[in-house]
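Counting with mature numbering (1 follows the signal peptide of the UniProt record, and there is no 0), you get residues -30 to -1, 1 to 522 for the letters of the sequence shown. Idealized CB from N, CA, C, for every residue including glycine.
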Amino acid sequence: MTTSHLLFLPFLLIITLLSMSLLPYPVALAGNGQWQLLQNNIGIVAMHMQLLHNDRVVIYDRTDFGFSNLSLPNGRCRLNSKELAVKTDCTAHSIEYDVASNGVRALFVQTDVWCSSGSASMDGSLVQTGGFNDGERVVRTYSPCSTCDWQEIEGGLVARRWYATNHKLPDGGQIIIGGRRQFNYEFYPKTEATAKNTYSLPFLVQTNDPGGVENNLYPFVFLNVDGNLFIFANNRAILFNYTNNNVVKTFPQIPGGDPRSYPSSGSAVLLPLKNLQGSFVEAEVLVCGGAPKGSYQQVLNNGQFIGALNTCARVKVTDPNPNWVVETMPGARVMNDMVLLPNGNVLIINGASLGTAGWGYARNPVLNPFLYKTNSPIGSRFQSQNPSNIPRMYHSTAVLVRDGRVLVAGSNPNIYYNFTNALFPTELRLEAFSPSYLEPGFANVRPKIMSPASQSQIMYGQMLQLQFQVIGPLTKNSVSVTMLSPPFTTHSYSMNQRMLVLEPKSVTNVSGTTYQVEVTTPGSPILAPPGFYLLFVIHQEIPSEGIWVQIL
């Protein structure tokens, strides 16, 4: 293109082209999301991620990969005679990422956190459980502060927990379910009654594939609106009363019968809970992607990469006679993450279209996220988004942050850090996907919350008034409020991801462009376990930046 040709271009287009040339890689044009490279090297692989209420993300990797690319500060080294890789290691295997400053701080973890689990406690601390080798029975806690580091409790668990799932409970504690060769569950923190106990869960035996390849690891677990747990493993699901240790309901097998949990590694999400003040609250679970039965063995034994599943299945957990409804994605996907967006839609991101989870067991990375429009009619719910240029394979993660972006990191299908001699090298870049609701063209309809202040405490069943600014006019039906529990994300599953839709009682104009919406907070800890949530005002499907609230 010549200079004379540029003179005929609209000025705005010239500015757009110039700005794109300055970015780490081109940002996609409007309509289907934008990508931005945030960090070229965060030092470690993001195998596990959790957003905390100080807007910092705790990220960690396994310790037995050997040296990472980030040194521990002040000459500190990890000395561990039980370590399988290196006994003296002066590099970090965990970091704290500051969303606001785009900065990284190295954290110190002593025992192996490989393929562990966790959840945020009601005081906002991260409680992380299990791992491998010397870390398999360890509980680790991390408090959100600018100088905090991991605290480790040896023997904090009764059983070895590797590839287990954690879920927050209405009493503020958490249940830890399953893991490699563990067909049981336990609770944390311990009480006198539960201190030495594990509780048998035969469902995990029944869903354990023969032949040594378990397809029931990292089971998908969601707290149902009746206080029971929806547990999905392999290709089946139950509703489970964890207090009485009995199965309340058995769901039909997912259509097709293919496994969806690790290592087949589809993903699942509890769709937003609505009508919270009504006599009946409906709960639906969506399961997407995965690998067909036998995929792991085909790669392991024959070097054949089977096509991933291109279906999602949706079930109403609260139906008296529930049935799965199958939908077709724009393409096949395994090792995909599912991220609830503030407006209730679901972003399906990361993964591959061939193979399964495991060391080099997948091919054909899927670079385009899929947007799932939760409330659209069936057949019109999927929309392909603009692609990243970074493959996100085994050990990738994605989390929503307060401003509405989705942080994406990780990918290491190699047994050690390998940057040069690998089909998919170890990936240390951190990027952000901005959904289309963040485009500048929506500035006129994007709300800005004025009150309450972030970090406010709220109570169950409370009338809550939120003031926000937006260039109007608006109507009651164009406004909603959502509460989101940020999850602990690893291995294609986001534990404790939960959204509640708070329907407006009224929307009034305060003055000028300032409005007030009145909602009622969830009525019980069964609907919203105690802890920190992100609160958003949604106007015409466009979310505000979130504020933190703590419900107790």
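Is the Cβ-Cβ distance between Val97 and Val109 less than 8 Å? Yes, they are a contact pair.
Tell me the start and end of each unbroken beta strand (DSSP E) in the stretch 115 to 155 that is at least 3 residues and wholly inside, in chain order. Complete beta strand (DSSP E) runs here, min 3: 121 to 123, 135 to 138 and 144 to 147.
If you draw a straight line from the alpha carbon of Pro(-7) to that of Ser406, how long is it in whole angstroms? In this prediction, Pro(-7) scores a pLDDT of 36, lower than 50, which makes its location untrustworthy; the coordinate-derived value is nonetheless stated afterwards. Looking at the two C-alpha atoms, the distance is approximately 20 Å.
Decide if Val296 is buried, meaning its Cβ has at least 16 other Cβ atoms within 10 Å, or exposed. It counts as exposed.
Please name the residue in Phe157, Gly431, Thr326 and Arg151 whose C-alpha comes closest to that of Gly142. Measuring from the Cα of Gly142, the nearest candidate turns out to be Phe157.
What residue does the beta strand (DSSP E) around Val175 start on, and which one ends it? Per DSSP, Val175 belongs to no beta strand (DSSP E); it is in the alpha helix (DSSP H), Pro172 to Gln176.
Under 8 Å between C-beta atoms of Tyr387 and Ser455: In this structure, Ser455 does not lie closer than 8 Å to Tyr387 by Cβ.
Count the other CB atoms, across all protein chains shown, that sit within 10 Å of the CB of Ala283; report buried if there are 16 or more and exposed otherwise. Under this definition Ala283 is a buried residue.
Check whether the stretch 439 to 446 touches the stretch 111 to 119, taking contact to mean three or more Cβ pairs, one atom from each stretch, closer than 8 Å. No, the stretch 439 to 446 is not in contact with the stretch 111 to 119.
In angstroms, rounded to a whole number, what distance separates the CA positions of Ala238 and Gly482? Ala238 and Gly482 have their C-alpha atoms spaced approximately 43 Å apart.
How is Phe502 classed by DSSP in three states: helix, strand or coil? Three-state DSSP puts Phe502 in a strand.
How about the stretch 85 to 95 and the stretch 123 to 140: do they share at least three Cβ pairs that are nearer than 8 Å? The stretch 85 to 95 vs the stretch 123 to 140: in contact.
Where Ala(-1) and Glu409 are concerned, what is the direct C-alpha to C-alpha distance, given to the nearest angstrom? Residue confidence is low: Ala(-1) scores 47 on pLDDT, short of 50, so the model does not pin down where it sits. No coordinate-derived value is stated.
Using a Cβ-Cβ cutoff of less than 6 Å, which residues in the same chain neighbour Ser(-10) once the five nearest sequence positions on both sides are dropped? Its pLDDT being 32, under 50, Ser(-10) is placed unreliably in this model, and the value from its coordinates should be taken loosely. Within the same chain, Ser(-10) has no close Cβ partners at all.
With a threshold of 16 other CB atoms inside 10 Å of the CB of Met305, please say whether the residue is buried or exposed. In this structure Met305 is buried. Its beta-carbon is surrounded by 16 or more other beta-carbon atoms within 10 angstroms.
Please classify residue 540 as buried or exposed, where buried requires at least 16 neighbouring CB atoms within 10 angstroms. Residue coverage of the chain in this structure runs from -30 to 522, which leaves residue 540 outside it and unanswerable.
Verify whether the separation of the beta carbon atoms of Thr478 and Gln432 is less than 8 Å. Taking 8 Å as the cut-off, the beta carbon of Thr478 is found no closer than this to the beta carbon of Gln432.
Please report the distance separating the alpha-carbon of Gln435 from that of Tyr485. Taking the straight line joining both Cα atoms gives about 10 Å.
Indicate the three-state DSSP secondary structure (helix, strand or coil) for Val269 in the structure shown. In the structure shown, Val269 sits in a helix (DSSP, three-state: H, G or I).
Give the secondary structure of Asn334 by DSSP, where H, G and I count as helix, E and B as strand, and everything else as coil. Correct three-state label for Asn334: strand.
Tell me where the beta strand (DSSP E) around Leu310 begins and ends. For Leu310, the enclosing beta strand (DSSP E) starts and ends at Asp307 to Leu310.
Whole beta strand (DSSP E) elements within the stretch 373 to 406, 3-residue minimum: Here the runs fully enclosed are 376 to 380 and 400 to 404.
Mark Val175 as exposed unless 16 or more other C-beta atoms lie within 10 angstroms of its C-beta, in which case mark it buried. By the Cβ-count criterion, Val175 is exposed, with fewer than 16 other Cβ atoms from all chains shown falling within 10 Å of its own Cβ.
To the nearest angstrom, report how far apart Pro159 and Glu124 are at their CA atoms. Roughly 13 Å separates the two Cα atoms.
Could you tell me which residues DSSP pairs with Asn479 in its beta bridges? Paired residues: Tyr485.
So does the stretch 238 to 251 actually touch the stretch 461 to 473, counting three or more Cβ pairs closer than 8 Å? Taking 8 Å as the limit for Cβ pairs, the verdict is that the stretch 461 to 473 does touch the stretch 238 to 251.
Nonlocal neighbours in the same chain, by C-beta distance under 6 Å from Phe35, ignoring five residues either side: Excluding sequence neighbours, Phe35 sits near Tyr386 and Tyr387.
Between the C-alpha atoms of Ser91 and Gln20, what's the straight-line distance to the nearest angstrom? Ser91 and Gln20 have their alpha carbons spaced roughly 12 Å apart.
Looking at the secondary structure, which residues open and close the beta strand (DSSP E) in which Lys244 lies? No beta strand (DSSP E) contains Lys244, which DSSP labels as neither H nor E.
Please state the DSSP three-state secondary structure of Phe210. Phe210: strand per DSSP, three-state reduction.
To the nearest angstrom, how far is it from the Cα of Ile40 to the Cα of Phe102? The sequence given here has Leu at residue 40, not Ile. Roughly 22 Å between the two C-alpha positions.
Alpha-carbon to alpha-carbon, Asn215 and Val(-4): Reliability of the predicted coordinates at Val(-4) is poor, the pLDDT of 37 falling under 50, and the value obtained from them is presented with this limitation in mind. Just so you know, the alpha carbons of Val(-4) and Asn215 end up roughly 51 Å apart.
Nearest to residue 528 by alpha carbon, out of Ala203, Asp228, Asn280 and Lys219? Because residue 528 is not part of the residues shown, which for the chain are -30 to 522, the question remains open.
Residue(s) in a DSSP beta bridge with Gly277: Paired residue(s): Leu324.
I'd like to check one pair, Ala62 with Ile14: are the Cβ atoms closer than 8 Å? Result yes, Cβ atoms of Ile14 and Ala62 sit closer than 8 Å.
Would you tell me roughly how many angstroms separate the C-alpha atoms of Asp307 and Asn356, rounded to the nearest one? Annotation: Asp307 to Asn356 spans about 16 Å, alpha carbon to alpha carbon.
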